[in-house]
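Notes follow the structure.
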């Protein structure tokens, strides 16, 4: 009978001693600040080079700034892709004050020039950046209409 009354307090004592000996689970407190700065970025391309589902955060709220033929990417996704592919990703910068037709022609020439210089095909990812999201979307659509198969408008 006496053993049954001693078991619960003895169990609590052993549990408390065990937690103290292993640090009491305090590692989670020290790991939290380390993980606070980590952001998970979904990739634009899968391992086979196919397109992943887009990040909803990359799609502009303004319908006029949405690409029809091209895709949208966040700045983090674009940076991740450029870090992984290096010169195999084609960066295109659209001038802020650019006329859409002039910007589209210049972007096409720029993309084709880099494509030739680095011996890339039309499947090489093209990352279009610009301060006017409407112009950038139209330029990206122009590139897609001219055969580039993986064109992304990068959100500012």
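Numbering (mature numbering (1 follows the signal peptide of the UniProt record, and there is no 0)), first residue to last: -21 to -1, 1 to 135.
Using N, Cα and C, we set each Cβ at its ideal position, and we do this for glycine too.
Per-residue DSSP class, three states only, for residue 126: The sequence position of residue 126 within the chain shown is 147, counting from 1. Note: residue 126 maps to coil in three-state DSSP.
Expected contact under 8 Å - CB spacing of residue 122 and residue 90 to nearest Å: Counted from its first residue, the chain shown places residue 122 at position 143. Counted from its first residue, the chain shown places residue 90 at position 111. Distance from residue 122 to residue 90 at the Cβ level is roughly 6 Å; contact confirmed, criterion being Cβ atoms closer than 8 Å.
Residues sharing a beta bridge with residue 109, DSSP: As a working note, residue 109 is residue 130 in the chain shown. 73.
Beta-carbon proximity check, residue 114 vs residue 71, cutoff 9 Å: For the purposes of this step, residue 114 is taken as the residue at position 135 of the chain shown. For the purposes of this step, residue 71 is taken as the residue at position 92 of the chain shown. Cβ distance not < 9 Å, so residue 114 and residue 71 don't count as in contact.
Outcome for residue 62 when other beta-carbon atoms lying within 10 angstroms are tallied against a minimum of 16: To locate residue 62, count along the chain shown from 1; it is residue 83. Residue 62 comes out exposed.
Residue burial classification, residue -19 (beta-carbon count within 10 angstroms, cutoff 16): Translated into the one-based positions of the chain shown, residue -19 becomes position 3. Legend: pLDDT at residue -19 = 49, less than 50; position of this residue unreliable, value from coordinates given subsequently. It is exposed - the Cβ of residue -19 has fewer than 16 other Cβ atoms within 10 Å.
Contact test: residue 51 Cβ vs the ligand SAH heavy atom, cutoff 8 Å: What this structure holds is no ligand at all, so the ligand SAH is not there to describe.
Per-residue DSSP class, three states only, for residue 51: The residue given as residue 51 occupies position 72 in the chain shown. Annotated three-state conformation of residue 51 is strand, per DSSP.
Local conformation of residue 23 per DSSP, three classes: Residue numbering aside, residue 23 sits at position 44 when the chain shown is read from its first letter. In the structure shown, residue 23 sits in coil (DSSP, three-state: anything other than H, G, I, E or B).
Residue 81: first and last residue of the uninterrupted alpha helix (DSSP H) it sits in: Here the question's residue 81 lines up with position 102 in the chain shown. Note, residue 81: alpha helix (DSSP H), 79 to 96.
Spatial neighbours of residue 47 in its chain, beta-carbon cut-off 7 Å, leaving aside the 5 residues before and after: Numbered from 1 along the chain shown, position 68 holds the residue referred to as residue 47. Contacts found: 120.
Helix, strand or coil at residue 114 [DSSP, three-state]: Start at 1 with the first residue of the chain shown, and residue 114 comes out as number 135. The DSSP-derived three-state label of residue 114 is helix.
Euclidean distance between Cα positions of residue 85 and residue 20: Residue numbering aside, residue 85 sits at position 106 when the chain shown is read from its first letter. Residue numbering aside, residue 20 sits at position 41 when the chain shown is read from its first letter. Rounded to the nearest whole angstrom, the C-alpha separation of residue 85 and residue 20 is 31 Å.
Buried versus exposed call for residue 87 [16 or more other C-beta atoms within 10 Å across all chains shown]: Here residue 87 corresponds to residue number 108 of the chain shown, with the count starting at 1. The residue is buried, with at least 16 neighbouring Cβ atoms inside 10 Å.
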